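Quick note: the sequence shown uses the numbering used here, first residue 2, plus one each step.
Here is the structure we will look at, set down as structure tokens.
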Amino acid sequence: MILRKDTRVFVQLGYTDMRKQINGLSALVQAERSSGPFDGSYYVFCGKTKKVIKVLYWDRTGFCLWLKRLEKDSFPWPQGESDLTEITRNQIRLLLRGIDIWKAHKEVQCSIAG
């Protein structure tokens, strides 16, 4: 997936009915954002099984709907209210690779031996 430097990415928290296609997903975005889905941002949705992610965006001539389905494992996906949360371009790349961007690493205490 190609993301321009000025592309904004929004994740729909919680689970989305993956039977929804362009019309249903764009209606979800319209309900959350006053600008609607026509601003060039990428909108990311995940199903209850966490094996499918859909990305919806407008590319000036029409909607594009991109889908990734995992054969093994599942995507790390946050629970929560059905809100759109902005993430960075780097975070979406990590998320699509299966890396959990929602969980912080544990703090490590180090000391100098002496």
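Just so it is clear, CB atoms sit at the ideal spot from N, CA and C, and this is done for glycine as well.
Keep in mind the model is a prediction, meaning the values are calculated, not measured.
Can you give the Cα-Cα distance for Tyr-43 and Arg-98, rounded to whole angstroms?
Taking the sequence shown and counting its residues from 1, one reaches residue 43 at position 42. Taking the sequence shown and counting its residues from 1, one reaches residue 98 at position 97. Straight across, the Cα-Cα distance linking Tyr-43 with Arg-98 is about 17 Å.
Which residue spans inside the segment 47-88 form an unbroken beta strand (DSSP E) run of at least 3?
Within the segment 47-88, the runs of beta strand (DSSP E) that reach at least 3 residues and sit entirely inside it are, in chain order, 53-59, 64-70 and 85-88.
Which residues does DSSP list as the beta-bridge partners of Gln-13?
The count along the sequence shown starts at 1 and reaches residue 13 at position 12. Note: Gln-13 sits in a beta bridge opposite Leu-85.
Given Leu-14 as reference, the closest of Gly-41, Pro-77 and Gly-37 once Cα atoms are compared
Locating residue 14 in the sequence shown gives position 13, where the first residue counts as 1. With distances taken between Cα atoms, Leu-14 lies closest to Pro-77.
Would the segment 15-26 count as touching the segment 54-67 if we require 3 or more Cβ pairs under 8 Å?
The answer is yes - the segment 54-67 touches the segment 15-26, with three or more Cβ pairs under 8 Å.
Let me make sure I understand the geometry here. Which of Cys-111, Arg-34 and Lys-55 has the alpha-carbon closest to that of Thr-86?
Counting from one through the sequence shown, the residue named residue 86 turns up at place 85. Ranking Cys-111, Arg-34 and Lys-55 by Cα distance to Thr-86 puts Arg-34 first.
Residues in its own chain within less than 6 Å of Val-30 by CB, not counting five upstream and five downstream?
As a first step, residue 30 must be located in the sequence shown, where it is residue number 29. Correct list, in chain order: Pro-38 and Tyr-44.
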